[in-house]
Amino acid sequence: DAGVTQSPTHLIKTRGQHVTLRCSPISGHKSVSWYQQVLGQGPQFIFQYYEKEERGRGNFPDRFSARQFPNYSSELNVNALLLGDSALYLCASSPRTSGNSYEQYFGPGTRLTVT
Amino acid sequence: AQRVTQPEKLLSVFKGAPVELKCNYSYSGSPELFWYVQYSRQRLQLLLRHISRESIKGFTADLNKGETSFHLKKPFAQEEDSAMYYCALRNTGNQFYFGTGTSLTVIP
């Protein structure tokens, strides 16, 4: 298994545009989480999905949305891009959402630059 | 509101010396605490979680609810420990909060 994969690797967009980021979890993992990591900061939680339902949401505006597909892959959508949306977007997958063995596996991230 | 604070952005220690990476949190409920590590050119990965009370790569972390701390410790630092370390909290609403990270350099 290649682990969590994300596409694209890099992306450059203009202010006001829309972007879609994609994530494929590890085979058998049913939960996907999205994070935004601005340079010099820790990851900030955006969403968690499990079995195609939203299970957690961070403090992000409604311009951010996500969904999970029947094959457990996920998309993160950001509308009306702002310069401040420039960041590394991380996806993480896990087999479940809780429990003593809970662990997230992170992807390599998508670097989004908004000009 | 939840918050995770890592007061040191940079930390340098000599090989063989003890190392402690500080983490303090604020949360009114019962949190789950984690330490994540990112080695150079690698992905972010889980190092350890408080609930499992395990030692990974010689690192331990004890949750101190009185001091709201979850400091990461290792008695003898190794060069391969050089990395970025993030403390994280998960609340009962399934939301994760990461600290800003501490970059650890172990000097040979």
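Chain order of the listed sequences is B and Z. Quick note on our numbering: the first sequence kicks off at 1 and runs consecutively. Quick note on our numbering: the second sequence kicks off at 1001 and runs consecutively. Glycine included, C-beta positions come from ideal geometry on N, C-alpha and C.
Asked, Found
"Touch test, the region 81 to 99 of chain B against the region 17 to 34 of chain B, Cβ-Cβ under 8 Å, three pairs minimum", "yes"
"Beta-carbon neighbours of Q1095/Z, restricted to chain B and to distances below 7 Å", "F45, G56, G58"
"Chain B contact residues for L1046/Z, given Cβ-Cβ distances below 7 Å", "E103, Q104"
"Residues that DSSP places opposite H10/B in a beta bridge", "R111/B"
"Interface positions of the region 71 to 94 of chain B facing chain Z (Cβ-Cβ less than 9 Å), listed along the chain", "L90, A92"
"I12/B, buried or exposed, once every other Cβ within 10 Å from all chains shown has been counted against 16", "exposed"
"Own chain partners of P95/B with C-beta closer than 6 Å, once the 5 adjacent residues on each side are dropped", "H29"
"CB contact check: Q17/B to chain Z, cutoff 8 Å", "no"
"Any C-beta of chain Z under 8 Å from that of Y107/B", "Reading off the sequence shown, one finds Gly at residue 107/B, where the question assumed Tyr. Yes, G107/B counts as interfacial toward chain Z."
"Cutoff 8 Å: G28/B Cβ touching any chain Z Cβ", "no"
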